[in-house]
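Enquirer: Here it is: the structure, laid out below.
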Ligand code: FDP
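In the numbering used here, the protein residues as written are 2 to 334.
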C-alpha cells in the first residue's frame, strides 16, 4: 500500500528542522492554525448561499472596498484563531484600518498580515476565492508598530489558500514552495504538490485588460508583444483571468506564464497600484520566488519594496522567470 501523504503539521516539522526553538514553534503554531481556519472557511463558503452569507454588509474597508458579509466573518474568524495560538502579536488585515493587537509579546512573537477572503467579487458568482497570509517578525511590546513593516525579504513565511473545486494551501518558510489539498472528510491538508517549480516560460498571461488605457507604455507594448503571433517563440500567449488573485497566481505557478496587476499611470507623476503590498503582493512574490519564479513591479523586485504603511499598494508582474524578465525589459525601453 502506498504511504499516506504527509499532513500539513508533519510537513511543518520537517521544514522547521528543529521545533525546539521558540521561534520555530511559533511559526509552526501559526501556520498550522491558519490551515485549520482555512478548513473552516472552505466549509463556510460551501454553505454560504444556504446560510444567507452572500452579499454586502454595507460600508467600505480600510482600502475603500465595499465589504461583503464573508469578508467580515473571515476577518473575525482569523482574529480569534490567531489569538488562541499565543504566538501572534498582531494581525494586519485588509478588513481593519489598524493592526489588531494580541497578547503575545517577546522577541519571537509574529505579526500576521492577511487578506482572509481575497477576490471577494467572485463570491456572489460561486467563483474561486482565497486567503493570503504572510508572517513577519515582531520585536518588542508594541508589535504592531513600524517594526512589522519593512521589506518583503523580512517575511518569515507566506502562503495562500485557494477555495476551488478542492481547497489547496500553498506555503513557504523560505525552503521551497509546497502545496497541500484539503481532505474534506478529515479536515486535514495533505501534501500533494511538494517543491512546486514554476516553468521558466509559459503560454498564458492574466491581467485585467480593460485597464489598458491607463497602463505604463512599457506594459502596453509588452501585452501587445504577447499577443503578436510568432510560432517559434510560442506566441501568441492565451489570456486567462479569473479576477481572484489567488486563482490566477495558482494557475501561473502550476502552468507558468504571468499574473499582472500593473499600476494606473494616467498621472505619470503619481502611479496608482491596486493590490495591497503586505497581504497580497509581497506574500505572492515570496511564494513565486521560492518556486523558482520572479516577481517585479516592472521597475524593481517586489521583495525589495519597503512597506511604510499597513495598507500600501504595489504593482505586480509575477510568474515564469523568462516572461517576467521580458516584461521588465519592456518597462526599461
Ligand atoms: P477583489 O477586488 O475581488 O477582492 O484583492 C483584490 C482583488 O480582488 C484580487 O484578488 C484580484 O486579482 C483583483 O482584485 C481583481 O481586480 P479587478 O476586478 O480590477 O480585475
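Using N, Cα and C, we set each Cβ at its ideal position, and we do this for glycine too.
Cα separation between residue 226 and residue 323?
Expert: Taking the straight line joining both Cα atoms gives about 14 Å.
Enquirer: Check the C-beta distance from residue 257 over to residue 180 and give it rounded, since I have them as a contact under 8 Å.
Expert: So it is not a contact: roughly 15 Å between Cβ atoms.
Enquirer: State yes or no: is the beta carbon of residue 251 nearer than 8 Å to at least one beta carbon in chain D?
Expert: No chain D is present in this structure, which holds just one protein chain.
Enquirer: Beta-carbon separation of residue 207 and residue 164 under 8 Å?
Expert: no
Enquirer: Which runs of the alpha helix (DSSP H) spanning at least 4 residues fall entirely within the segment 226-277, listed in chain order?
Expert: 246-256
Enquirer: Please list the terminal residues of the continuous beta strand (DSSP E) segment that includes residue 210.
Expert: It is not in any beta strand (DSSP E) - residue 210 carries neither H nor E in the DSSP assignment.
Enquirer: Buried or exposed: which applies to residue 271, given that a residue is buried once 16 or more other Cβ atoms fall within 10 Å of its Cβ?
Expert: When all chains shown are included, residue 271 counts as exposed.
Enquirer: What is the DSSP secondary structure of residue 84, counted as helix, strand or coil?
Expert: helix
Enquirer: So is the beta-carbon of residue 210 under 7 Å away from any non-hydrogen atom of the ligand FDP?
Expert: no
Enquirer: Excluding the 5 residues preceding and the 5 following residue 63 in the sequence, name in chain order all residues of the same chain whose CB lies nearer than 6 Å to its CB.
Expert: 98, 312
Enquirer: On the premise that residue 304 lies in contact with residue 330, defined as a C-beta separation below 8 Å, what is that separation, rounded to the nearest angstrom?
Expert: Contact flag wrong, Cβ pair sits at about 20 Å.
Enquirer: Check this for me: beta carbons of residue 55 and residue 49, under 8 Å apart or not?
Expert: Yes, the Cβ-Cβ distance between residue 55 and residue 49 is below 8 Å.
Enquirer: Determine, using beta-carbon pairs with one atom in the segment 222-242 and one in the segment 190-199, whether at least three such pairs fall under 8 Å.
Expert: no
Enquirer: With a threshold of 7 Å, establish whether the CB of residue 225 neighbours any heavy atom of the ligand FDP.
Expert: no
Enquirer: Please state whether DSSP places residue 179 in a helix, a strand or coil.
Expert: strand
Enquirer: Go through the segment 16-94 residue by residue and report every complete run of the beta strand (DSSP E) that reaches 3 residues or more, in order.
Expert: 57-61, 67-69, 89-94
Enquirer: Is any non-hydrogen atom of the ligand ZN found closer than 7 Å to the C-beta of residue 274, if you look at the structure I gave you?
Expert: For the structure depicted, the ligand ZN is absent and the ligand set comprises only the ligand FDP.
Enquirer: With DSSP as the reference, label residue 167 as helix, strand or coil.
Expert: coil
Enquirer: What span of residues does the beta strand (DSSP E) with residue 295 cover, start to end?
Expert: Boundaries of the beta strand (DSSP E) around residue 295: 295-297.
Enquirer: Cβ of residue 245 within 7 Å of any heavy atom in the ligand FDP?
Expert: yes
Enquirer: Quick check on residue 130: does DSSP put it in helix, strand or coil?
Expert: strand
Enquirer: For residue 219, name the three-state secondary structure that DSSP assigns.
Expert: Residue state, collapsed to three classes: helix.
Enquirer: Work out the CA separation of residue 321 and residue 224 for me, nearest whole Å.
Expert: 15 Å
Enquirer: Buried or exposed, going by whether 16 or more other CB atoms sit within 10 Å of the CB of residue 167?
Expert: exposed
Enquirer: Can you tell me whether DSSP reads residue 151 as helix, strand or coil?
Expert: strand
Enquirer: How many Å lie between residue 215 and residue 332 at the Cα?
Expert: In a straight line, the C-alpha of residue 215 is about 14 Å away from that of residue 332.
Enquirer: In or out: residue 70 buried (at least 16 other Cβ within 10 Å) or exposed?
Expert: buried
Enquirer: Would you mind stating whether residue 137 and residue 119 have Cβ atoms separated by less than 8 Å?
Expert: no
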